[in-house]
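Inspection log for the structure reproduced underneath, given as structure tokens.
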Amino acid sequence: MDVGRRSFASRRSPVLATRGMVATSQPLAALEGLRVLMDGGNAADAAVTVAAMLGVVEPMSTGVGGDCFALVYWTSPPARESGGCCADEGASPPAHGEADGRARGGGEAFALNGSGRAPAAFTLDEARRLGLRSIPYDSALAVTVPGAVAGWEALLRRFGTMTLGECLAPAIRAAEQGFAVTPIIARDWRGAARKLARDAEAARVYLPAPRAGEIHRQPDLARALRAIAEGGADAFYRGPIARAIADCVQAHGGFLTADDLAAHTADWGRPIATTYRGVEVLEHPPNGQGLAALVALNILEGYDIGGTGYWDAARWHYMVEAVRLGLAEALAHVGDPAFADVPVARLLSREHADALRSRIRPDGALDLTAPAVATSRDTVYISVVDGQGNAVSLINSLFHPFGSGIVAPGTGICLHNRGASFRLEPGHPNVLAGGKRPYHTIIPALALRDGRLWLCFGVMGAFMQPQGHVQVLVNMVDFGMDAQAALDAPRFRVDEQGSRRLAVETTAPLGLRKALATLGYDVRPESPWDGAFGGGQVVAVDPETGALWGGSDPRKDGCAVGW
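Residue numbering for the sequence shown follows this note's numbering, beginning at 91 and increasing consecutively.
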């Protein structure tokens with residue numbers, strides 16, 4: 091693996107190590123994950139430790155009040171059997187379009203769904219009774235069951251060597267003793283101040299927004315985390331914390347009950363996958379939107395992407411169109427598979443890719459009709475590879491900044507707003523229903539070469555995520571970039587499927603932006619530093635030496651660390 095072809099200024103060198111690596115958006119969290127690996131823990135232990143720590147030091151993006159997803163690549167027997175708050179589907183044979191990881195150089199791939207469900211009583215009829223056309227983002231109606239804690243416990247039960255309490259210890263310490271707020275966190279916290287001010291408890295706990303360098307403490311959250319550390323996931327879903335959450339949501343006009351929380355489970359399954367130029371790319375299955383990235387890659391397989399110059403406008407045009415079509419397919423078809431038939435095999439077939447590719451015109455942008463998609467800078471992504479070759483690609487989120495903006499009194503727990511993703515059109519795969527999981531933007535990813543782990547990666551940022559996956563993979567597969575350069579590279583972002591609006595980072599050449607405009611795009615130059623182009627992390631395994639190459643997105647505060 092070398093630096094590859096590079097036509098832009100890469101901010102820093104990749105991090106290299108041999109015995110383990112962690113990459114995430116906050117250095118304090120990455121350090122705690124590395125400490126776990128150095129003390130003998132594995133990738134699952136480190137991933138949960140980092141996720142919990144990020145809920146303290148990056149509170150607008152993630153926390154126990156949100157959801158998580160993980161892809162796991164495991165080379166050794168699981169440390170423990172799965173059980174508890176998790177429905178085990180990991181032993182089931184893969185269906186067409188799913189990844190079968192059981193003969194990959196001793197590794198096996200699993201998908202963990204740690205997303206929550208809508209309250210049982212919140213139905214389409216109730217939404218109509220309330221006169222809703224959509225579910226408001228900043229309301230208790232958007233609060234679904236927070237699934238993260240059950241997801242963490244499920245991951246540890248199956249693969250971990252540490253208890254949930256041990257993994258939460260650094261987060262508890264940071265919440266009690268305080269942590270120094272980083273510059274990007276201070277900026278995003280300040281940007282959410284108006285939302286936080288609307289809820290008295292949120293304002294008490296999280297305002298005024300701290301400045302960069304200020305020491306921030308969260309004693310209420312520390313007590314809640316300590317209760318979870320002592321009582322496990324049950325302390326979150328069945329104890330006083332659950333009652334506080336349910337009472338708070340109902341007091342704000344929502345439908346979530348203690349029974350909804352008590353009924354929650356995380357679920358194991360298989361990743362879905364495609365092959366792009368010999369690389370097997372694994373994404374989380376629906377209700378996640380990983381399908382969008384795979385559809386786009388299947389389309390791009392038919393173009394000589396790497397045979398052009400990096401700034402070639404035709405290459406960028408084909409990538410933009412592939413991403414637009416991939417997102418349109420996901421938005422039209424993805425929902426909770428327990429409620430809707432998602433035709434994954436058909437959507438990932440080569441025949442379907444050929445049909446979609448045939449719609450792309452070399453001389454102009456397509457006219458597409460699809461819903462607008464939102465930008466967001468709030469989610470955290472974690473990449474961990476340990477010394478045994480095990481990998482956990484984990485993503486955790488409150489969805490929008492500080493989620494719903496509602497904090498359960500006495501807990502410090504900010505509740506996410508993922509339920510705002512439901513559609514209110516009867517018959518749509520993602521239509522609201524009680525007990526249903528919504529369409530999810532957060533997607534972890536893995537990539538394999540010759541049946542062995544190559545990349546543990548992800549790019550946070552709402553609908554930017556599949557777009558980021560595609561762009562990072564093309565940088566590494568087609569242009570041979572290392573993990574850091576692939577993240578440093580300028581990006582584009584599709585915001586509105588029904589229009590030709592295209593955001594392009596100002597670090598891309600003016601000539602490229604002008605050329606894209608002549609193809610019919612409404613090109614909007616935007617700063618890469620405003621947070622709207624996602625934030626990625628990559629750990630790559632060198633196929634020749636086994637060395638780990640780490641990269642961390644310059645658009646965030648984070649880093650990759652290894653030993």
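Backbone N, C-alpha and C fix where the C-beta goes; we use that ideal spot for every residue, glycine too.
Can the beta-carbon of residue i be found closer than 9 Å to that of residue j?
i: Gly610; j: Gly454; result: yes
i: Ala650; j: Val126; result: no
i: Phe512; j: Pro528; result: yes
i: His530; j: Ser205; result: yes
i: Gly331; j: Ala314; result: The amino acid occupying residue 331 in the given sequence is Ile; Gly does not appear at that position. Against a cut-off of 9 Å, the Cβ pair of Ala314 and Ile331 comes out as a contact.
i: Ala230; j: Gly153; result: no
i: Tyr348; j: Ala336; result: The identity of residue 348 in the sequence shown is Ala, whereas the question assumes Tyr. Yes, they are a contact pair.
i: Asp310; j: Gly502; result: yes
i: Trp401; j: Ala598; result: yes
i: Gly648; j: Ser642; result: yes
i: Leu417; j: Phe553; result: yes
i: His374; j: Ala201; result: yes
i: Phe582; j: Val410; result: yes
i: Ala356; j: Asn203; result: yes
i: Gln379; j: Ala428; result: no
i: Arg316; j: Leu351; result: no
i: Val564; j: Val594; result: no
i: Leu538; j: Leu372; result: yes
i: Val105; j: Gly640; result: yes
i: Leu381; j: Val434; result: yes
i: Pro296; j: Cys546; result: Rather than Pro, the amino acid found at residue 296 in this sequence is Tyr. It is not a contact, given that the beta carbons lie outside the stated cut-off.
i: Ile533; j: His559; result: yes
i: Val147; j: Leu118; result: yes
i: Val233; j: Val482; result: no
Buried or exposed for residue i, please, with buried defined as at least 16 other CB atoms from any protein chain shown within 10 angstroms of its CB.
i: Thr608; result: exposed
i: Ser224; result: exposed
i: Gly173; result: Its pLDDT being 47, under 50, Gly173 is placed unreliably by the model, and nothing is read from it.
i: Gly155; result: buried
i: Ala208; result: buried
i: Gly621; result: buried
i: Asp568; result: buried
i: Met128; result: exposed
i: Gly493; result: buried
i: Ala181; result: The pLDDT assigned to Ala181 is 38, lower than 50, so where the model puts this residue is not dependable; a value taken from the coordinates is nonetheless given after this. By the 10 Å Cβ count, Ala181 comes out exposed.
i: Thr596; result: exposed
i: Leu522; result: buried
i: Leu220; result: exposed
i: Glu122; result: buried
i: Asp157; result: buried
i: Gly130; result: exposed
i: Pro618; result: buried
Taking the straight line between their C-alpha atoms, what separation do you get for residue i and residue j?
i: Ile305; j: Leu600; result: 41 Å
i: Arg508; j: Thr251; result: 31 Å
i: Trp653; j: Asp289; result: 44 Å
i: Arg333; j: Val474; result: 34 Å
i: Gln574; j: Ala535; result: 17 Å
i: Ala383; j: Tyr393; result: 16 Å
i: Ala133; j: Asp426; result: 28 Å
i: Pro183; j: Arg591; result: For Pro183, the predicted structure reports a pLDDT of 36, less than 50, and the residue's modelled location is therefore unreliable. A value from the coordinates is still provided. Rounded to the nearest angstrom, the two C-alpha atoms are 42 Å apart.
i: Arg218; j: Val470; result: 34 Å
i: His342; j: Ile275; result: 27 Å
i: His186; j: Glu441; result: Caution applies to His186, whose pLDDT of 41 falls short of 50 and renders its modelled position unreliable; the value that the coordinates give is listed next. Distance between the alpha carbons of His186 and Glu441: 14 Å.
i: Glu634; j: Ala579; result: 25 Å
i: Glu198; j: Arg301; result: 44 Å
i: Asp457; j: Leu488; result: 33 Å
i: Ala244; j: Gly145; result: 18 Å
i: Arg405; j: Gln561; result: 11 Å
i: Gly368; j: Gly322; result: 42 Å
i: Ala312; j: Ala261; result: 8 Å
i: Asp585; j: Gly551; result: 12 Å
i: Val432; j: Ile389; result: 19 Å
i: Ala238; j: Gly359; result: 17 Å
i: Gly255; j: Ala498; result: 22 Å
i: Gly548; j: Gly626; result: 5 Å
Verify the contact flag: residue i, CB atom, against every heavy atom of the ligand FMN, threshold strictly below 8 Å.
i: Ile275; result: Ligands in the displayed structure: none, and consequently the ligand FMN is not present.
Could you check how far apart the C-beta atoms of residue i and residue j are, in whole angstroms? I think they sit under 8 Å.
i: Leu638; j: Thr165; result: Between Thr165 and Leu638 the Cβ distance is about 14 Å, and since that is not below 8 Å, they are no contact.
i: Ile472; j: Ala270; result: Contact flag wrong, Cβ pair sits at about 20 Å.
i: Pro519; j: Ala430; result: 4 Å
i: Trp544; j: Ala630; result: 6 Å
i: Val654; j: Leu415; result: Because the chain in this structure spans residues 91 to 653, residue 654 falls outside the shown range and cannot be described.
(message) If we require 3 or more residues per run, which beta strand (DSSP E) segments fall completely within the segment 285 to 350?
(response) Every candidate beta strand (DSSP E) stretch fails here, since none sits fully inside the segment 285 to 350 while reaching 3 residues.
(request) Counting only runs of 3+ residues fully inside the segment 414 to 497, write out the beta strand (DSSP E) ranges in chain order. (result) With a minimum length of 3 residues, the continuous beta strand (DSSP E) runs that stay inside the segment 414 to 497 are 470 to 476, 481 to 487.
(message) Runs of 4 residues minimum, wholly inside the segment 200 to 231: which ones carry the alpha helix (DSSP H) assignment?
(response) Those alpha helix (DSSP H) runs which fall completely within the segment 200 to 231 and span 4+ residues are 214 to 219.
(message) In chain order, what are the residue ranges of uninterrupted alpha helix (DSSP H) at least 4 long that sit wholly in the segment 521 to 608?
(response) Secondary structure in the segment 521 to 608: the alpha helix (DSSP H) runs of 4 residues or longer, each lying completely within the stretch, are 554 to 567, 573 to 578, 600 to 608 in chain order.
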